[in-house]
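Those protein sequences? They're chains A and B, same order as listed. According to this note's numbering, the first sequence is numbered sequentially starting from 37. According to this note's numbering, the second sequence is numbered sequentially starting from 37.
Protein chains: 2
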Amino acid sequence: MDEDLWAVVPAGGAGTRLWPLSRAHAPKFLHDLGGTGRTLLQATYDRLEPLVGDRLLVVTGAVHQDAVRGQLPELPAEHVVAEPSPRDSMAAIGLAAALVERRDPDAVIGSFAADHVIADPDAFRACVTEAAAVARTGVLVTIGIDPDRPSTGFGYIRLAERLGDFPTAHAVASFVEKPDLDRATAYVASGEYRWNAGMFVARASVLLDLLAEEQPDLAAGVRAIAAEPDRIDEIWPGLTKIAIDHAVAEPAAAAGRVAVVPGSFGWEDIGDFEALRDLLAAAGDAKGLQVLGDAADVVAVDASGLVVPMSGRTVAVLGLDDVVVVDTGDALLVTTTERAQDVKAVVEALKANGRADLA
Amino acid sequence: MDEDLWAVVPAGGAGTRLWPLSRAHAPKFLHDLGGTGRTLLQATYDRLEPLVGDRLLVVTGAVHQDAVRGQLPELPAEHVVAEPSPRDSMAAIGLAAALVERRDPDAVIGSFAADHVIADPDAFRACVTEAAAVARTGVLVTIGIDPDRPSTGFGYIRLAERLGDFPTAHAVASFVEKPDLDRATAYVASGEYRWNAGMFVARASVLLDLLAEEQPDLAAGVRAIAAEPDRIDEIWPGLTKIAIDHAVAEPAAAAGRVAVVPGSFGWEDIGDFEALRDLLAAAGDAKGLQVLGDAADVVAVDASGLVVPMSGRTVAVLGLDDVVVVDTGDALLVTTTERAQDVKAVVEALKANGRADLA
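Here is the structure:
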């Protein structure tokens with residue numbers, strides 16, 4: 037455990053494509069999507085705790101702070117930082133960086149989303165440890181996931197030269213946007229690209245100084261809040277809404293100030309029910325129909341796909357392949373893995389029908 | 037209204053292929069499958085009442101008698117006859133015939149199932165009125181439905197010569213079993229066949245005398261119960277389980293003692309969810325997705341088929357054609373119209389899994 041290392045866990049995003057499991061009032065990080073008995077947030081904590089102990093800040097929406105504290109009773113309550121409103125990832129991570137910087141300007145922070153799934157936590161921690169070592173040299177470090185398929189759903193990181201002082205780190209040539217399938221296939225075949233999982237490691241002051249070069253008002257804003265927390269409601273609404281990638285990572289990469297530690301630890305961003313089905317299928321030995329919940333609540337005849345029985349009722353599925361059935365106390369979704377990415381359309385239809393309460 | 041005409045309504049059968057809407061404890065005749073505000077049983081009563089007033093006997097399982105009386109408060113309580121156990125249609129109708137015979141041996145009874153749907157009750161009553169007139173000549177009369185498609189799901193009635201004394205009646209050449217598609221197509225093309233909807237009209241004594249020729253013990257048994265109702269628990273369990281078609285109609289047809297009144301009044305036997313979808317699609321103007329229940333509870337995006345929202349929850353369907361979603365308080369079914377006839381397999385799986393309570 038390196039005493040200068042802090043973890044920052046931005047816990048935001050509604051996970052609309054996982055409706056009705058994930059809701060605005062209960063987003064996906066609060067749910068046990070892996071069927072492991074721990075929610076994604078708790079699993080994120082479990083994965084980081086051996087590295088950072090309670091030097092971990094969760095930044096979440098004000099409406100979720102009680103739920104977050106409830107799920108992480110081990111964490112000091114003041115380590116759950118409430119955003120008055122969503123202002124994208126740079127403001128959230130920047131505020132956490134500023135809070136850490138006031139305690140220890142040389143501290144290293146690593147930012148890791150609350151809703152990712154990682155199969156091999158030991159390998160993950162080894163990557164973070166190397167990334168922290170690289171970060172202590174004064175650069176911004178990202179962790180790049182070794183791609184196992186030509187995904188068009190992620191941005192990519194293009195590697196530059198190896199950094200010889202470290203076991204696996206490279207300089208970053210550039211961050212590239214989500215590619216089409218042809219380009220993604222070429223990226224993966226080249227061996228020169230990694231997935232951008234949005235994991236960044238840097239000294240708190242390095243991150244904020246990089247931010248100050250690109251977005252001086254934003255850097256000054258979060259530092260002002262860290263200095264005078266009571267001013268958050270005054271300052272926060274004026275902060276620029278921008279993702280950390282655009283605010284800091286891309287400009288710094290262009291300036292040759294970003295390194296990447298490649299990692300292969302079974303990372304998944306469970307963005308929709310097809311990904312959830314794939315996760316459960318890979319983890320379990322059940323064929324055909326995957327169940328997240330009590331399998332005794334499901335009766336399947338000639339069926340495959342995913343059933344999430346959360347209402348206590350019996351769910352029977354007959355004669356449907358790649359179906360998705362998500363059964364909650366007040367809402368039921370029936371779709372297919374193929375259409376899983378379009379679940380947002382259902383949530384929009386609900387809102388249009390005056391049922392925003394269910395969204 | 038002909039004062040000698042009685043209606044007999046056998047109300048039995050679990051309607052397993054309509055699970056979880058229809059249950060052993062709440063079979064389909066107790067449900068409003070047409071979305072009309074009246075259950076199938078109530079609609080059957082409504083259809084017959086102009087012909088028979090309260091000269092109507094419902095024969096149902098002992099466990100359903102309270103529900104039947106509750107749905108038909110207009111009917112004298114003693115007109116709901118409880119079977120101690122299911123003994124097929126001949127025992128049920130035979131007992132009702134014997135009860136009527138004791139009041140009026142010359143009375144004509146017409147037997148009509150409690151769970152059929154009829155679009156044109158006036159045309160139905162005109163058929164029954166002609167059938168009763170034919171029955172008064174001392175024959176067994178059936179009503180044969182003009183087929184609108186080569187169904188393989190029904191038995192057929194082959195017409196013989198016209199009976200000139202009546203507007204539309206024919207003699208019956210024979211009853212034929214459910215045909216394969218080629219034979220059904222030929223039957224319909226010939227114009228000589230009608231569907232057997234299990235509707236029989238006869239003088240009570242004629243029906244029982246025909247029965248006495250074929251099944252003397254059964255005829256004697258139901259007559260003995262009618263004479264001494266307290267003996268039902270003693271006699272009933274020994275009665276032969278046989279359908280009225282096999283017990284009386286087929287032998288009588290072979291002997292030239294059955295007539296048929298052809299009818300065209302939009303008859304449907306809602307045997308499964310595909311038939312229910314078709315019924316709702318024909319009745320309503322909604323395209324694509326049919327809803328039996330409150331359409332405000334359903335959100336559909338690129339979906340067709342049938343949704344039955346009965347739990348009060350919101351049901352969202354995305355990207356599925358010809359899907360069937362039946363949402364009740366304790367059980368949910370997701371299948372397709374194509375597999376609707378196999379719903380029995382789900383109920384059998386439930387029983388095998390120790391969930392007979394849901395069946």
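Positions of the beta carbon are idealized from the N, C-alpha and C atoms, including for glycine. Every value quoted in this text rests on a predicted model; they were computed, and no experiment measured them.
Using a CB distance below 7 Å, the part of the segment 343-368 of chain B facing chain A consists of R349, T350, V351, A352, V353, L354, G355, L356, V359, V361, D363, D366, A367, L368, ordered along the chain. Here the C-alpha atom of D182/A lies approximately 48 Å from the C-alpha atom of K387/B. When the five nearest sequence neighbours on each side are left out, no beta carbon in the same chain lies closer than 6 Å to the beta carbon of G292/B. When Cβ-Cβ separations below 9 Å define contact, N389/A makes contact with chain B. In the three-state scheme derived from DSSP, where H, G and I count as helix and E and B as strand, H67/B is classed as coil. Taken in chain order, the unbroken stretches of beta strand (DSSP E) that lie wholly in the segment 271-351 of chain B and span 3 residues or more are 294-299, 303-305, 325-327, 334-345. Per DSSP, E119/A is one residue of the beta strand (DSSP E) stretching across 116-119. Burial is judged here by how many other beta carbons sit within 10 angstroms of a residue's own beta carbon; L217/B has fewer than 16 and is exposed. Sequence-distant Cβ neighbours of V382/B in its own chain, meaning closer than 6 Å and more than five residues away, do not exist here. For a cut-off of 8 Å, the C-beta gap from V360/A to F309/A is around 5 Å, short enough to register as a contact.
For S340/A, the CB contacts under 7 Å within the same chain, skipping 5 residues up- and downstream, are G324, L325, D357, D358 in chain order. According to DSSP, Y229/A shares a beta bridge with R194/A. Annotation note: the segment 130-189 of chain A contains the following uninterrupted alpha helix (DSSP H) runs of length 4 or greater, listed N- to C-terminal: 157-171.
Collapsing the DSSP output to three states places G200/B in coil. Secondary structure of A128/B (DSSP, three-state): helix. In terms of Cβ geometry, D314/B and V144/B do not form a close pair [threshold 9 Å]. Counting only Cβ-Cβ distances below 9 Å, E374/B has contacts in chain A at G355, in chain order.
In the three-state DSSP reduction, A240/A falls in the helix class (H, G or I). Using a Cβ-Cβ cut-off of 9 Å, D378/A is close to V337, D338, L354, G355 of chain B, given in chain order.
Among the CB atoms of chain A, one or more fall inside 9 Å of the CB of L386/B. By the CB criterion at 9 Å, F202/A and V297/A fall inside the cutoff. Within chain B, the residues whose beta carbon sits less than 7 Å from that of L394/A are T350, listed in sequence order. Among the residues of the segment 290-305 of chain B, none has a Cβ less than 9 Å away from any Cβ of chain A. According to the DSSP assignment, T371/B belongs to the beta strand (DSSP E) that extends over 367-372. A distance below 9 Å separates the beta carbons of D305/B and H152/B.
Cβ-Cβ separation between A256/B and V177/B: approximately 24 Å, too far for a contact (criterion under 8 Å). Contact check between the segment 191-200 of chain B and the segment 153-166 of chain B: fewer than three CB pairs, one atom from each, fall below 8 Å, which does not count as touching. The C-beta separation of A150/B from P46/B comes to about 7 Å, placing the pair in contact by the 8 Å criterion. Taking each of V344/A, T350/A, K380/A, F236/A in turn and checking the Cα distance to G71/A, the smallest one comes out for V344/A. With a threshold of 16 other beta carbon atoms within 10 Å, S210/A falls short and is exposed.
In this structure, A352/A sits away from A60/B, with a CB-CB distance that is not shorter than 9 Å.
Between P56/B and T364/B the beta-carbon gap is near 5 Å, inside 8 Å, which marks them as a contact. The CB of V382/A comes closer than 7 Å to the CB of V335, V337, A352, L354 in chain B, given here in chain order.
Assigned with DSSP and collapsed to three states, T75/A falls in coil, not helix or strand. By the criterion of a C-beta distance shorter than 6 Å, V170/A is surrounded in its chain by V177, F202, A205, A295, once the five residues flanking it on both sides are discounted.
At least one CB atom of chain A sits nearer than 9 Å to the CB of P56/B.
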